[in-house]
Amino acid sequence: MIMPGLVNGHCHGPMVLFRGLSDDLPLEKWLFEVMFPAEAKWITDETTHLGTLLAASEMLLAGVTCVQDSYFCMNGVARAYQEAGMRAVLGHAVIDFPAPGISDPSRKIKIVGDYVRAWQGVDPLITPALFAHSIYTCSPETLEAAAGLAQDAGCLWFTHLSETRAEVEQVREKYHLSPVRHLEKLGLLKSLSLGAHGVWLDKGELELLAENQVALVHCPESNLKLASGQARVGDWLSCGITAGLGTDGAASNNDLDMIGEIGTAARLAKLTHADPAALSAAQACGMAMNGSARAMGLGEVCGSLLPGYAADLVILDHKAPHLTPSHDPASTLAYQARRSDVRQVLVNGRQVVKDGEILTVDLPEVMAKVREMAQKVAKG
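All residue numbers for the sequence shown refer to my numbering, where the first residue is 1 and numbers rise by one.
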């Protein structure tokens with residue numbers, strides 16, 4: 001079966017370095033008590049480069065040819081995707097406290113601006129962008145500065161949006177508005193390109209996002225693992241929102257398997273809406289292809305097998321028992337296929353996976369280095 005390369009609409013690639021470090025916690029506790037301290041100690045341009053090489057390999061082997069990745073120390077991330085030969089839209093994070101690569105928060109906008117301008121036009125596969133971490137970790141001044149930088153630099157900007165009930169309650173307590181209404185009051189919805197998660201949104205907020213052409217990216221497996229809630233994706237689509245699909249980071253998933261996300265999204269929507277037609281296999285596949293591509297500004301570049309689109313292609317083995325019989329390609333991909341079925345992958349016409357083996361990364365060496373680092377991380 002030949003299909004468009006999958007597009008991971010929301011990911012934190014270097015977080016493969018912390019895969020399995022902490023499980024079974026709510027987002028806030030997991031983030032502030034485990035992840036942020038680990039990142040402060042271990043994340044550098046060198047380690048993000050290493051982690052991203054592993055993440056890119058995992059995704060390419062699973063048929064993902066394009067990713068929207070947002071994190072810190074993004075020069076290392078960009079170099080890794082460039083070396084792996086993977087298409088990537090890379091948002092450098094800004095946040096209101098010291099973070100990896102930004103020890104002085106007052107310099108965050110300059111540092112991110114330098115990154116964006118340094119990578120613009122360097123490689124047709126690499127698109128720099130800006131990622132304001134969230135409404136609860138970025139002040140109004142930071143959000144406004146981020147949006148202003150994006151406008152000045154001619155790049156997109158993204159954020160985590162209404163991911164958990166606790167986030168919404170925290171923002172409402174501080175600003176007397178929901179995250180979406182807060183962005184609207186600041187005049188920033190019209191420039192925001194993508195909101196990740198979008199779990200706790202009412203119909204009025206969905207209509208407002210659609211009116212301002214803000215895309216949403218669904219991360220069902222991360223939402224399930226962190227008990228963040230169940231996004232009402234059927235309502236997104238009925239409101240006309242551009243909907244993408246993503247894995248989130250491997251520390252909260254714990255893999256980067258977009259074929260798995262397609263199946264989870266399609267099944268979970270049926271449960272969430274108590275409607276077997278809430279999200280069809282074809283719709284879920286579309287979210288993981290051109291939906292995610294449109295969400296990150298590449299809707300006319302990838303995610304479709306159409307004349308003029310980039311040759312980002314995946315070939316699946318069709319002979320496996322679990323793929324037999326196959327009546328409909330979308331149904332097969334959503335409900336039968338596995339990432340291990342991916343055999344050949346091309347990005348921009350260049351073969352990067354052949355017969356299930358990655359060609360662009362020395363994967364055994366990368367895995368050995370990640371295991372060595374993981375032992376150090378586990379010891380604290």
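Note that CB positions come from ideal geometry on N, CA and C, so glycine has one too.
- The three-state reading of DSSP puts Ala320 in coil, since its state is none of H, G, I, E or B.
- Cβ-Cβ separation between Val67 and Gly297: approximately 13 Å, too far for a contact (criterion under 8 Å).
- Ranked by how close their Cα comes to the Cα of Ala320, the residues Ala330, Pro329, Pro307, Gln336 have Gln336 in first place.
- Pairing Met86 with Leu316 gives a Cβ-Cβ distance that is not under 9 Å.
- Residue environment: Asp257 is assigned as buried (16 or more neighbouring CB atoms within 10 Å of its CB, all protein chains considered).
- Linking Gly380 to Val370 through their CA atoms gives a straight-line distance of about 15 Å.
- Each of Leu245, Cys73, Thr47 was checked against the Cα of Glu221, and the nearest Cα belongs to Leu245.
- DSSP places Ser139 outside both helix and strand once states are collapsed to three, so it counts as coil.
- Ranked by how close their Cα comes to the Cα of His133, the residues Leu60, Ser103, His92, Ile126 have His92 in first place.
- Going by C-alpha positions, Ala310 is about 38 Å away from Asp96.
- Judged by their CB atoms, Thr44 and Cys11 are not nearer to each other than the 9 Å cut-off.
- If only uninterrupted alpha helix (DSSP H) runs of at least 4 residues are considered, those enclosed by the segment 277-347 are 281-286, 292-295, 329-335.
- Setting aside the 5 residues that flank it on each side, Ala231 is surrounded in the same chain by Gly198, Val199, His218, each with a C-beta closer than 6 Å to its C-beta; the list follows chain order.
- Around the CB of Glu33, fewer than 16 other CB atoms lie within 10 Å, so the residue is classed as exposed.
- Per DSSP, the unbroken alpha helix (DSSP H) holding Gln170 starts and ends at 165-175.
- Counting only the Cα atoms, Ala40 lies some 13 Å from Leu17.
- When C-alpha distances from Ser292 are compared across Met15, Thr65, Pro26, Leu31, the shortest belongs to Thr65.
- Short of 8 Å from the beta carbon of Ser280, and not among the five residues preceding or following it, lie these beta carbons of its own chain, in chain order: Ala266, Ala330.
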